[in-house]
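Before any comments, here is the structure.
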Amino acid sequence: MGRQATKAELCDRNNTVDITDGTVQADDSVSFQGVVYPNGTWFEVFENGRAVRLGCACTERGCIWKCCGLNEELLGRKCVPTARVFNPSVYRGREITPIVASEHFNYIYSIPCSQRYLVDTDMGNELYLQEVGWTWKLFYK
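Sequence positions in the sequence shown follow the numbering used here and run 291 to 431.
What follows is the structure in structure tokens.
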């Protein structure tokens, strides 16, 4: 069946989290997995014959985008099932911090990625998720 918006789409679909199972509050905000999406930061669409509520995840917090799904990881160029929890380290410069990424960033899973790849650390590339925002910094040795 296609996709039809019931409320103006407030952000790009790739920057949303499915909050259909969240609770709509009296002030028209939605609470989902400990995150509150205020009125004006979520919308509904019809996809495949059902209403889906989407929250604009990158409006209130930084986002980390992941090509693979929630319980998947990249192996070669394919997403494969994994039991490991996605929990990237957060740095200040090149020093690791005790910051828990999921407490400060929203994770966006299964986004369309035209090229799936990992940074080759054997080639001298180092990737650091910085505490200042959703910025990934690429350092070269």
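A virtual CB, placed ideally from N, CA and C, is assigned to each residue, including glycine.
Please read all numbers here as calculations on a predicted model, not as lab measurements.
Where residue i and residue j are concerned, what is the direct C-alpha to C-alpha distance, given to the nearest angstrom?
i: Arg340; j: Asn305; result: 20 Å
i: Ile354; j: Asn361; result: 15 Å
i: Ser321; j: Gly366; result: 36 Å
i: Asn396; j: Pro328; result: 15 Å
i: Asp308; j: Arg384; result: 33 Å
i: Leu419; j: Val380; result: 5 Å
i: Asp302; j: Glu350; result: 15 Å
i: Ala347; j: Ser392; result: 12 Å
i: Cys334; j: Arg343; result: The amino acid at residue 334 is misidentified as Cys; the sequence shows Glu. If I take the Cα positions, the gap works out to 4 Å.
i: Trp426; j: Pro378; result: Because the pLDDT of Trp426 is 48, which lies under 50, any placement of that residue in the model is unreliable, and the number read from its coordinates should be weighed accordingly. Whole-angstrom Cα-Cα distance: 11 Å.
i: Ala316; j: Phe336; result: 23 Å
i: Gly312; j: Gln323; result: 8 Å
i: Val314; j: Pro388; result: 33 Å
i: Tyr382; j: Phe376; result: Reading off the sequence shown, one finds Arg at residue 382, where the question assumed Tyr. Near 20 Å, if we compare the C-alpha coordinates of Phe376 and Arg382.
Using beta-carbon positions only, say whether residue i and residue j come within less than 8 Å of one another.
i: Leu364; j: Thr331; result: no
i: Asp356; j: Tyr399; result: Reading off the sequence shown, one finds Lys at residue 356, where the question assumed Asp. Cβ distance < 8 Å, so Lys356 and Tyr399 count as in contact.
i: Gly352; j: His394; result: yes
i: Ser319; j: Val325; result: no
Indicate the three-state DSSP secondary structure (helix, strand or coil) for residue i in the structure shown.
i: Asn329; result: coil
i: Thr304; result: Per the sequence shown, residue 304 should be read as Asn rather than Thr. Residue state, collapsed to three classes: helix.
i: Ser392; result: helix
i: Tyr397; result: strand
i: Leu408; result: Any reading at Leu408 must be qualified, since the residue scores a pLDDT of 49, below 50, and its modelled position is unreliable; the value itself is stated next. Looking at Leu408 - three-state DSSP - the assignment turns out to be coil, as it is neither helix nor strand.
According to DSSP, what are the bridge partners of residue i?
i: Thr313; result: Ser321
What runs of the beta strand (DSSP E), each 3 residues or longer, lie entirely inside the stretch 342-371? If we require 3 residues or more, the beta strand (DSSP E) runs fully inside the stretch 342-371 come out as 352-355, 362-365 and 368-371.
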